[in-house]
Every structure is written in structure tokens, then in C-alpha cells.
Amino acid sequence: MNKKKKPFLGMPAPLGYVPGLGRGATGFTTRSDIGPARDANDPVDDRHAPPGKRTVGDQMKKNQAADDDDEDLNDTNYDEFNGYAGSLFSSGPYEKDDEEADAIYAALDKRMDERRKERREQREKEEIEKYRMERPKIQQQFSDLKRKLAEVTEEEWLSIPEVGDARNKRQRNPRYEKLTPVPDSFFAKHLQSGESHTSVDPRQTQFGGLNTPYPGGLNTPYPGGMTPGLMTPGTGELDMRKIGQARNTLMDMRLSQVSDSVSGQTVVDPKGYLTDLNSMIPTHGGDINDIKKARLLLKSVRETNPHHPPAWIASARLEEVTGKLQVARNLIMKGTEMCPKSEDVWLEAARLQPGDTAKAVVAQAVRHLPQSVRIYIRAAELETDIRAKKRVLRKALEHVPNSVRLWKAAVELEEPEDARIMLSRAVECCPTSVELWLALARLETYENARKVLNKARENIPTDRHIWTTAAKLEEANGNTQMVEKIIERAITSLRANGVEINREQWIQDAEECDKAGSVATCQAVMRAVIGIGIEEEDRKHTWMEDADSCVAHNALECARAIYAYALQVFPSKKSVWLRAAYFEKNHGTRESLEALLQRAVAHCPKAEVLWLMGAKSKWLAGDVPAARSILALAFQANPNSEEIWLAAVKLESENNEYERARRLLAKARSSAPTARVFMKSVKLEWVLGSVGAAQELCEEALRHYEDFPKLWMMKGQMEEQEGLAEKAREAYSQGLKKCPHSTPLWLLLSRLEENIGQLTRARAILEKSRLKNPKNPDLWLESVRLEYRAGLKNIANTLMAKALQECPSSGVLWSEAIFLEARPQRKTKSVDALKKCEHDPHVLLAVAKLFWSERKITKAREWFHRTVKIDSDLGDAWAFFYKFELQHGTEEQQEEVRRRCENAEPRHGQLWCAVSKDIAHWQKKIGDILMLVAAGIKNTF
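Mapping to the UniProt record's numbering: the sequence shown position 482 is 482, numbers consecutive.
Here is the structure:
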């Protein structure tokens, strides 16, 4: 045994020995190290410890506080720049020199902070803005979509599908608790076993619900006094009649509890037992604290100055908007006591009070303020019966006979005969009221009205309305010769009485006369005042502006009078005659236009356009001989005029007088040989089928006018029509040598090559044309379309990008670029196009077509209207508009577009010219061309 005993047992441990250190079993504490566990409320070992230190918990708190006070001087709490996080000397005393040092350091910090404050704040602001731009809020990201919600129509909103219910079946279809009525046998059975109460205590009604003021539920306040139950006296059977009575009593009690304490009327619907919740919703949107503050301020104002009416009114309105109507009424009635002479307070009180109470308030107000017109008017408004209103107003007129407002209100309620009598008295009491005089004049007979107006002029010599009314009266009774005299006398009289003649006011009066149908008065006023206050050199410009203004206000007779006066002053001004003629054409009759044009050509015989307008008017009316005679007179006044020659030719050719037209053109070529005359001669022979004669004439013309591109075009087209492609190419090439800047010639040559299959040659021609005519959008457009027609869409897109770089503000290029894009990108492209060319008709037309393709009918129609308004000469826009209305519009809308197109007489547009310039359609009218172009349009965009 001794051999097996370890030699170190019983020996002292070596120096520095820690048990378990070799195998890592250190760092934990056992119960034997710290002693037994103790509760916080256990007493400490020291039985004489002072209060606050007698339990284990108190000792632990003290030790924890001591640890907190110790300075944390750990390396982890040290910073190279700032030092330790806390103060190194926080445990030391804080003396006066410490406080002084802290104040100095604080002042230094503040000074240093102010030096760069603005720069720092600016930098922080920029950083925030940059951050917001890079990482916008969700609200900002969807702001554009929110704005588009304003454009959603009611039909689109209603067509949005409902969100499906994603809940499971049990949640979607909850099983409600089933309530089964208790059978009468149950009551009868239990009545035998116990007593119950059948009557409702009256105090339950007073104190609400089924609770009595004493605890005990449904027990009566005095136990022991029990009623005989729901059984009839002397029997054990159930009395169902008494159950019904009890139920009715209970329901009556509940309904009476929710009655309105203010007005005494219930706010409960007795049939459905539904409370009107609107009375409980506050109408104000402010913060409750703001309302309390406002209430306090107003109370202070009322107490400081109780005789200040606005304070009482503001207080009442504050209570009104917060829903406390009765408080508002009480306040305003208090205000009437404090400010009995304030009209506004009484009117506010009448507004806040209900019907009959308001009448009483107004009656009280009248006793305090018998001269207040507004209170009398309010009293009349409160009356519902016409007789009562009349009685109130007549009583008011006894007290305030010189009030125009009261007289007007009283007269409006009377029949015409009684009104005339009242107005007779009214003008005596209020002789300076123009309205009363004029109203009386309207009700009187012609003779009496003249007397009334004369009296009115004596009493009010400075008012122009009396004079204009007198003029209208004379005109209405047929004395038109007196109208001019009255207006002239009016101007003289008003000037004599020191009245300044305001030209704008008189013109406005004339426009009102025009709308009222008093044409003679309107024209007389215009003639009298049109020249007042205008410098001589500004007369023409100002009068034309006045005429346009009258047309805009739909006062056509005023505009006609201005033109007539201007033509008297400027009889030889061609521009004035033209403006007047266009006015008659747009707003007058054919007879008035022709009469004006006859006078115009008499004063301006050299104005070809006036002769042509007259001849066209006669021709459109079907009077061809009269049109010929007008043109004959025009020839006499303007010999060898190209315009008149060509107009005469057009007149004959349109009326199928081809031989006459040929003779006229032959005469024109001999007496007035111009390029246009030769061109019309060639075209006439061409359309009549004499191609040989046309070619001969064309050759003759080109010998004289080789730099006129249209002749070369016609020559090439005739050769092309005959199927002679080589000769056509030669004609176009020769034309381009003479006219290298003619875009149509380049296009014709390019299309000729394309039609015969020479795509490469067509491409080369267009490149050459672009070199000779840089920044020409039509040539770029043809290049793009050439590649697109050949199926090379990528090359077309590349060319379009180059074209937009060279011609960034070309509407035709942008409109084509929109539809070169795929459908999702078209909208973005259209926005870019509108930014570059906001008012270009081609871009507007492209946007309209875009909306059309997206089936946004209303928007498409709006953009079509905008397009034809900006450029009514673009035939393509009218054609697309008409096609759109054929598909989506009514017959009236289609006819409206056609009528407007015929009035506009468009001449340009690629699709339009392709049809209108075709010799097969040379006699077609505008309406027929419109239908042909629209028929050729396909909805492939």
C-alpha cells in the first residue's frame, strides 16, 4: 500500500501553483467561494447598521453607486484626439476658476462655430438634396403617376377590376353565431320555480340603461317587495300581452334617452333606430390646442372691450365651426345685448338662430336700428310668404324711403302695373338712381317713357345710360333718324357737364346694344366715339384692333360699323377693304360681300385680289356670266395681269368651257407670257388628254423659262406616264442641273429609280441631294423612308438619328421618328418631340395619331383639333382627322370636319398633294379630295 501512495500527497504546493491550470479548468466560481445565497430583504450581519444600510439590497445598491462614480480609465475608453470619454477630474471639486474656464471654452467654441456656419449649412443642404435626388422617397417616385390620376375619367375608374379576396374559405365565410328565440314554454316552466319583475322602474329612464341608482341589477331598491311576476292575477299561466308591453316600454325608454337636448327634437329615425352621425362629426379641421387658444384670446378681447362687435362675431363663429351651435347662439345673443347698435352683430344673430327665433331677433334689431337697410332685407328674406315679404319691405320703405336697394327689392315682388306705380314714387324719393329711372321708363308707354327719360336727364345730367336708353327707345319705335341726333346730343351734353368721354365704356355699351338687337343705336354710338382720343397716325391700327375685339365678343354689327367708318376715312386703303371683305365673307351674307366688293373695286381698281374675290363669289353662287363680266372689268383696270388671266382660265375650265380656256391661255401667252401662264397651258392640255400638245408647249416654255422647276417636273411626269423611264430620268437630271435646289425634283428622280428597282442609285441620288441642300428635312425624311420601304429598319434608325442631329427642330422628322420606335418607346419619343417642336403641326398630328392608336378617343380628338387650328393648310391633318371621325365620331362630327376643311381649302401635305395633284382628280372639289385621301389611309401606325 505504501508503494502505491503518491509521493506529493500531504506535501505543500509549489510556489505559484494554481489547481486545474494545466488542463484549463479555471475561471469559474463555486458556491463555496461566495457563501450561501441571500435574499435582498435579508438583514445584514451588522445588527447596529444605520437606516438605509440594514438589508443586503441596500448594501448592493451602495456598492453599485460607488462603482458608477469611479472613473473609467480603461484603454478602450481612450481616444488620441479627444482623450478619455469622461472627465478625468469629475470626482474633484468644481470651483469658480473651473466655471470661468468652461465659460471661456464655450465662447471660443461658439465663435469658431459661427465662422463657418453659413458654408457648413449650405454644404449640408446640398448633400441632403443630392442624397434625395439619388435616393428619392417612394412618395416622390410615384408623384408623376399620382398626377396622371387627375386624367382618369369616371368610366376608366369604374372599369378597374376589384381586388380579389385572398383570405381562406373559413375567413371569407365566417359562421355567425346562431340565435334561437326562446320558446314560451321555457318561460312558463321557469316562472313556476322563481319570481321576477315585470315593471320598469321610472328611475331607470332617468339614469339610463337598465341600471338603477342602487346596486343589485334588476332588483328593486327595497328587497322583499316583489311583484307577482308575468302571470295574470290568480293564475299560473304566462301573459304574452304583458311581455309585449314591457318590450315597448323598454324601447321607448331607449329612444327617449337619445333625444336632442338642444332643440327638443329626436335625432333618431323611429323606423330604423338610426342615429344621425353627421351631428357628431366636427366640422373644423384645426388642432384642438389652436381652438382652445383662439377661444381664450377671444374671451380676453370680449372682457377687455365688451362693446367691440367683431369680438362677439368671431367668438360665435369659432363655436359654430367647432360644432357647438347652442354656445354660439348664446354668445351672439350676449353680443346683441352689449352692442345693440351694431348691424353686423344683429345679422349674425339672425343667421345663427333657427326660423322663428331669427324673426324675433330681427324684430328686436329693427327696434334698435330702425334705419338699417340690411336688417330689413334680412327680415324680408326670412319670410316665406310673398305677402309677408311685401309687408316687411313696405314697412321698411316707410322708415328708409331713400334706399335704392329697398325700392328695387320691393319692385321685384310686384306685378308690372303695381311696379310702375311704386317706381313713380321711387324716383321721387331717389331722384339720383339711374336704375330706377330706367326701370320706370321700360314699364311706361312710349310717350310716358320719353317724359320719364327727359326728367331723368334733368336730375342726372352726367350719366350716359339714360341717353343710350333714349336712343334704343326711339329705335324700337321706328324713329331711327332720331337715334343719331340723340347720341350726338349725348356726347355734347356730357362734355358740357364735365364728363370725360371714356371710349372703352362707350364701345362696351355699343356691344351691349348690338347683343340686345338695337343695331342703329350700336352703329350710331360707334360712329360717335370711334375717333375720340386717338392720334391720327394710330387710327387705322387701333380701329382694326377694335373690329377684331368686337368680332371676338360676337358683336358683329359693331365691327361692321367700325369697318364702314374706317372705309369712309381711308377709302383708298386696300388692306382695310380686304379686312372688311374677309369679315363679310366669314360673318356676313353673299349679298353684303358682293356689295362691299363693288364699292372696293370702285375705290381700289388696281387691287387684283378684290376683283378676284368678287368673281369667285359670283362663281360659287352659280352666276358664271356675272363672274365673267367682273373679270372683264378687271382686265380693263389691270391689263395683262397674270392673276386675272389665270382666274379667267380657271373659271372657264371649271365650267367645262375648255375651248374658251385654251383661247384665253393663247392670248395670255402672247400678251403676258409668264412661267405660270405656260405651266397652266401645259397642265390644261395634259389633263384634257392632249399629251403631245402638252409636251410641245412644255418644250417651248423651257426655252423661255429653263430655271422654272415645275416645268421640268411636268415634263418628267408626262414621260413617266407614257412609260419612258429613260426620258423621264433625263428630264429630271436636266432640271436638276438648272435647278439644283429644287427639293421636289430630287424626290421625283429618287422615286423613279426606286420604282424601277435601282435602290442603290436612288440612295446615291438622295445623298447627293443632301450634300447640295444641307439641313433639308424633306430630303432626310425621304432617305429614311427609302430604307424603311426596303426593309432595312436598322439603317433607317441610324439615318433618322443623323437627320435629327442636323435638323433638331424639324417637325416632319420628329413625327416620323415617333413611329419608327417600338410601341413602348413611342410615348417617350413624343415627349422629346414636343419639347423640341412644341407648335409644329406635324408633331401635334403624330401625337394625335399616337393617342388614336392607344384608343384614347377624347384625347386624340382634342389633339386633332389643336393641329388643324395651328395649321389649317395641312391637308394630311384634315384627312387623318376625317378618317378618325369616320371610325369613332358621329355623323355630325364628320360633317363638321368636312365643312371646316372646305372652308380652310388646304393645299399642302404629302398624302394630300399625291391625290390633289393627280391629273385624274383635277376637277375634284376639296370635300371629294378629303374623302379620297381619308379612304387611302390605313391604321397601321
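Cβ atoms here follow ideal geometry from the backbone N, Cα and C, with glycine treated the same way.
Remember, it's a predicted structure, so these values are computed and weren't measured experimentally.
Apart from the five residues just before and just after residue i, which ones in its own chain have a Cβ nearer than 6 Å to its Cβ?
| i | result |
| --- | --- |
| residue 513 | 521, 522 |
| residue 883 | 934, 937 |
| residue 682 | 694, 697, 698, 714 |
| residue 598 | none |
| residue 952 | Past the boundaries of the shown model lies residue 952; the chain is included only from 1 to 941, so the question cannot be answered. |
For the candidate residues the options, whose alpha-carbon lies nearest to that of residue i?
| i | options | result |
| --- | --- | --- |
| residue 755 | 790, 562, 872, 892 | 790 |
| residue 370 | 399, 117, 721, 835 | 399 |
| residue 344 | 889, 916, 663, 368 | 368 |
| residue 879 | 628, 891, 845, 870 | 845 |
| residue 496 | 462, 515, 481, 486 | 462 |
| residue 774 | 759, 786, 740 | 740 |
| residue 471 | 498, 460, 510, 500 | 510 |
| residue 291 | 314, 451, 308, 307 | 314 |
| residue 322 | 404, 771, 289, 347 | 289 |
| residue 365 | 335, 391, 394, 385 | 335 |
| residue 887 | 939, 902, 873, 714 | 939 |
| residue 564 | 526, 537, 136, 116 | 526 |
| residue 317 | 352, 300, 304 | 352 |
| residue 698 | 689, 714, 707 | 714 |
| residue 854 | 305, 877, 823 | 823 |
| residue 776 | 758, 759, 800, 787 | 800 |
| residue 155 | 858, 810, 902, 862 | 858 |
Taking 8 Å as the cut-off, decide whether the C-beta atoms of residue i and residue j are in contact.
| i | j | result |
| --- | --- | --- |
| residue 362 | residue 387 | no |
| residue 816 | residue 792 | no |
| residue 583 | residue 576 | no |
| residue 949 | residue 921 | A question about residue 949 goes unanswered here, because the residues of the chain that appear run from 1 up to 941. |
| residue 529 | residue 562 | no |
| residue 765 | residue 742 | no |
| residue 543 | residue 919 | no |
| residue 818 | residue 841 | no |
| residue 728 | residue 716 | yes |
| residue 872 | residue 914 | no |
| residue 394 | residue 419 | no |
| residue 974 | residue 833 | Outside the modelled stretch of the chain, which goes from 1 to 941, sits residue 974, for which no answer is possible. |
| residue 444 | residue 452 | yes |
| residue 518 | residue 488 | no |
Once DSSP output is grouped into helix, strand and coil, what is the label at residue i?
| i | result |
| --- | --- |
| residue 236 | A caution first: residue 236 carries a pLDDT of 45, below 50, which makes its placement in the model too unreliable to give a value. |
| residue 553 | coil |
| residue 908 | strand |
| residue 15 | coil |
| residue 845 | helix |
| residue 947 | As shown, the chain starts at 1 and ends at 941. That puts residue 947 outside it, with no answer to give. |
| residue 21 | coil |
| residue 281 | Note that residue 281 has pLDDT 41, beneath the 50 cutoff, so the model's placement of it is unreliable and no number is given. |
| residue 9 | coil |
| residue 684 | helix |
| residue 874 | strand |
| residue 163 | coil |
| residue 499 | coil |
| residue 773 | coil |
| residue 321 | helix |
| residue 570 | coil |
| residue 487 | helix |
| residue 812 | helix |
| residue 690 | coil |
Could you name the residues of the same chain whose beta carbon sits closer than 7 Å to that of residue i, not counting the 5 residues immediately before and after it, in chain order?
| i | result |
| --- | --- |
| residue 881 | 864, 868, 897 |
| residue 572 | 603, 604 |
| residue 13 | none |
| residue 585 | 593 |
| residue 19 | none |
| residue 580 | 563, 567, 596 |
May I ask whether a heavy atom of the ligand MN can be found less than 7 Å away from the beta carbon of residue i?
| i | result |
| --- | --- |
| residue 126 | Within the structure as shown, the ligand MN is missing, as the structure has no ligands at all. |
Counting only the same chain and skipping the five closest in sequence on each side, list residues whose C-beta sits under 8 Å from that of residue i.
| i | result |
| --- | --- |
| residue 307 | 338, 339 |
| residue 693 | 685 |
Q) Which whole runs of the alpha helix (DSSP H) in the segment 333-412 are 4 residues long or more, in chain order? A) The segment 333-412 contains these whole alpha helix (DSSP H) runs: 343-352, 355-368, 373-382, 386-399, 404-412.
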